[in-house]
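Each residue of the sequence shown is one higher than the one before, starting from 1 at the first, in our numbering.
All C-beta atoms, glycine included, are put in the ideal place defined by N, C-alpha and C.
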Amino acid sequence: MKTYRIALVPGDGIGKEVVPAGQQVLKVLAQSEGEFAFEFENFEWGGDFYRHHGTMMPADGLDALRNKDAILFGSAGDPDIPDHITLWGLRLKICQGLDQYANVRPTRILPGIDAPLKRCRAEDLDWVIVRENTEGEYSGAGGRVHQGFPIEVATDLSVMTRAGAERIQRYAFRLAQSRPRRRLTVVTKSNAQRHAMVMWDEIAQEVARDFPDVQWDKEMVDAMTARMVNKPVTLDTIVATNLHADILSDLAAALAGSLGIGPTANINPERKYPSMFEPIHGSAFDIMGKGIANPVGTFWTVVMMLEHLGEPDAARRVMRAIEHVTANPKLHTRDLGGTANTADVTEAVCMEIAATAKRPLATA
Ligand code: IPM
Ligand code: MG
Numbered sequence: 001m002k003t004y005r006i007a008l009v010p011g012d013g014i015g016k017e018v019v020p021a022g023q024q025v026l027k028v029l030a031q032s033e034g035e036f037a038f039e040f041e042n043f044e045w046g047g048d049f050y051r052h053h054g055t056m057m058p059a060d061g062l063d064a065l066r067n068k069d070a071i072l073f074g075s076a077g078d079p080d081i082p083d084h085i086t087l088w089g090l091r092l093k094i095c096q097g098l099d100q101y102a103n104v105r106p107t108r109i110l111p112g113i114d115a116p117l118k119r120c121r122a123e124d125l126d127w128v129i130v131r132e133n134t135e136g137e138y139s140g141a142g143g144r145v146h147q148g149f150p151i152e153v154a155t156d157l158s159v160m161t162r163a164g165a166e167r168i169q170r171y172a173f174r175l176a177q178s179r180p181r182r183r184l185t186v187v188t189k190s191n192a193q194r195h196a197m198v199m200w201d202e203i204a205q206e207v208a209r210d211f212p213d214v215q216w217d218k219e220m221v222d223a224m225t226a227r228m229v230n231k232p233v234t235l236d237t238i239v240a241t242n243l244h245a246d247i248l249s250d251l252a253a254a255l256a257g258s259l260g261i262g263p264t265a266n267i268n269p270e271r272k273y274p275s276m277f278e279p280i281h282g283s284a285f286d287i288m289g290k291g292i293a294n295p296v297g298t299f300w301t302v303v304m305m306l307e308h309l310g311e312p313d314a315a316r317r318v319m320r321a322i323e324h325v326t327a328n329p330k331l332h333t334r335d336l337g338g339t340a341n342t343a344d345v346t347e348a349v350c351m352e353i354a355a356t357a358k359r360p361l362a363t364a
């Protein structure tokens with residue numbers, strides 16, 4: 001029987017609540033499918049680790065992840081530690097260190113979810129945002145000199161390489177090609193950013209030649225926000241730079257009804273390194289420790305992980321269980337206007353998975 005080695009990195013805030021919920025779903029799934037198993041290893045990295053050791057993860061932390069089949073990540077962020085330290089010390093370190101250059105963010109309006117757009121039917125909004133995940137505005141290049149003096153200078157340098165732009169666009173075209181509508185929108189800002197973004201546009205044109213069956217267009221990032229709101233049905237697969245896609249994916253999640261629902265995959269498409277799967281929502285200190293976080297983002301993340309591991313049937317079964325549960329307003333958490341807690345939703349999803357199992361759940 002195939003055993004998948006999964007690293008669990010709950011991180012901080014509600015990550016510590018939703019990752020165990022995701023693990024529970026995976027356990028029930030493995031038990032009920034009976035065709036594969038999971039071997040979990042938990043890594044307690046993040047804010048508490050930083051308080052003890054001065055770093056968010058050990059120096060050789062990446063080595064501990066390298067032999068895993070996938071990583072399930074919660075969130076990075078701590079009220080007492082600057083955000084740029086928590087981010088660069090953990091999440092970005094893993095994404096860059098394991099060359100997870102494709103950040104993939106699907107958005108749909110799930111059954112039972114009240115989304116804010118008036119004239120948008122659920123089937124009108126079915127997007128996947130592909131975010132460049134290793135360079136661009138998040139390259140980390142730049143610096144500060146003359147700190148504290150009036151002549152202080154600070155720069156954040158956006159770096160785009162031809163190789164980096166080409167591989168992410170190729171990934172996006174391939175993904176668009178695999179979806180029913182075969183449609184890709186390349187987000188740009190080449191009217192104002194006249195070097196890197198012009199190269200980005202040129203590369204899109206070059207890569208497009210290899211995908212004659214994909215219908216593609218170009219949209220400026222500012223106009224893109226309006227199009228997402230006004231004409232959602234004209235979009236399907238979307239590719240954008242690191243920061244542009246960061247912003248657009250929050251808008252996408254909000255238009256689908258809640259930031260608590262969206263999943264993310266940080267993919268190394270060549271599979272040289274493990275890929276990392278995380279809910280989009282972040283650490284949410286305001287509700288941490290209360291047991292009311294929405295675990296649906298993590299469950300959908302688990303679906304992406306199963307797809308990546310090559311278990312599409314299991315992935316579909318978990319997705320169906322999620323949709324069954326979101327369709328019931330009694331099982332909505334606070335972010336969706338409901339009163340259910342994390343455990344209620346988790347239990348309901350697990351029960352649905354077990355109920356639709358190929359064979360009955362083994363009793364413990
Ligand atoms: C995301 C988040 C992160 C990002 C934050 C936590 C720095 O917003 O995953 O989109 O900007 O990448
Ligand atoms: Mg973001």
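Any non-hydrogen atom of the ligand IPM within 7 Å of residue i CB
i, result
"aspartate 124", "no"
"isoleucine 267", "no"
"glycine 282", "yes"
"leucine 87", "yes"
"serine 249", "yes"
"aspartate 246", "yes"
Whole-angstrom distance between residue j and residue i, CA atom to CA atom
i, j, result
"threonine 333", "glutamate 347", "13 Å"
"tyrosine 171", "valine 145", "38 Å"
"glutamate 132", "aspartate 250", "15 Å"
"glycine 140", "leucine 157", "7 Å"
"leucine 26", "glycine 148", "51 Å"
"glutamine 23", "methionine 199", "42 Å"
"aspartate 99", "arginine 316", "27 Å"
"cysteine 120", "aspartate 48", "43 Å"
"arginine 179", "histidine 308", "16 Å"
"valine 221", "threonine 356", "43 Å"
"aspartate 60", "asparagine 42", "15 Å"
"aspartate 344", "glycine 74", "19 Å"
"alanine 364", "alanine 30", "Residue confidence for alanine 364 is low, a pLDDT of 42 falling below 50, so the modelled location carries little weight and cannot support an answer."
"leucine 417", "alanine 196", "This structure gives no information on residue 417, because the portion of the chain shown stretches from 1 to 364."
"lysine 118", "lysine 272", "44 Å"
"arginine 108", "asparagine 230", "16 Å"
"leucine 72", "glutamate 311", "16 Å"
"proline 58", "alanine 102", "25 Å"
"valine 349", "proline 20", "14 Å"
"methionine 304", "serine 190", "32 Å"
"alanine 226", "valine 128", "17 Å"
"phenylalanine 211", "threonine 161", "22 Å"
"alanine 252", "proline 10", "24 Å"
Beta-bridge pairing of residue i - partner residues as DSSP gives them
i, result
"arginine 5", "Glu39"
"phenylalanine 73", "Val9"
"phenylalanine 277", "Leu72, Ala265"
"arginine 144", "Ala154"
"leucine 62", "Its beta-bridge partners do not exist; DSSP assigns none."
8 Å Cβ cutoff met for residue i and residue j
i, j, result
"glutamate 33", "alanine 314", "yes"
"isoleucine 292", "threonine 342", "yes"
"alanine 265", "serine 275", "yes"
"proline 232", "leucine 125", "yes"
"proline 116", "leucine 255", "yes"
"isoleucine 353", "valine 28", "yes"
"threonine 298", "valine 18", "yes"
"leucine 87", "alanine 76", "yes"
"glycine 143", "threonine 155", "yes"
"glycine 46", "aspartate 80", "no"
"proline 269", "threonine 301", "no"
"glycine 260", "aspartate 201", "no"
"valine 214", "arginine 182", "yes"
"isoleucine 85", "leucine 62", "no"
"glutamate 219", "valine 187", "yes"
"threonine 185", "leucine 243", "no"
Presumed contact (8 Å Cβ cut-off) between residue i and residue j, rounded CB distance
i, j, result
"threonine 237", "alanine 176", "4 Å"
"isoleucine 6", "phenylalanine 38", "5 Å"
"glutamine 96", "threonine 134", "5 Å"
"glycine 112", "proline 329", "6 Å"
"tyrosine 138", "leucine 90", "With a Cβ gap of about 14 Å, tyrosine 138 and leucine 90 do not count as contacting."
"valine 130", "valine 104", "6 Å"
"tyrosine 4", "aspartate 83", "Incorrect: roughly 32 Å between the Cβ atoms, too far for contact."
Check: residue i C-beta below 7 Å from any heavy atom of the ligand MG
i, result
"serine 75", "no"
Chain C within 8 Å of residue i, Cβ atoms only
i, result
"glutamine 24", "Protein chain content of the structure displayed is limited to a single chain, and chain C is not contained in it."
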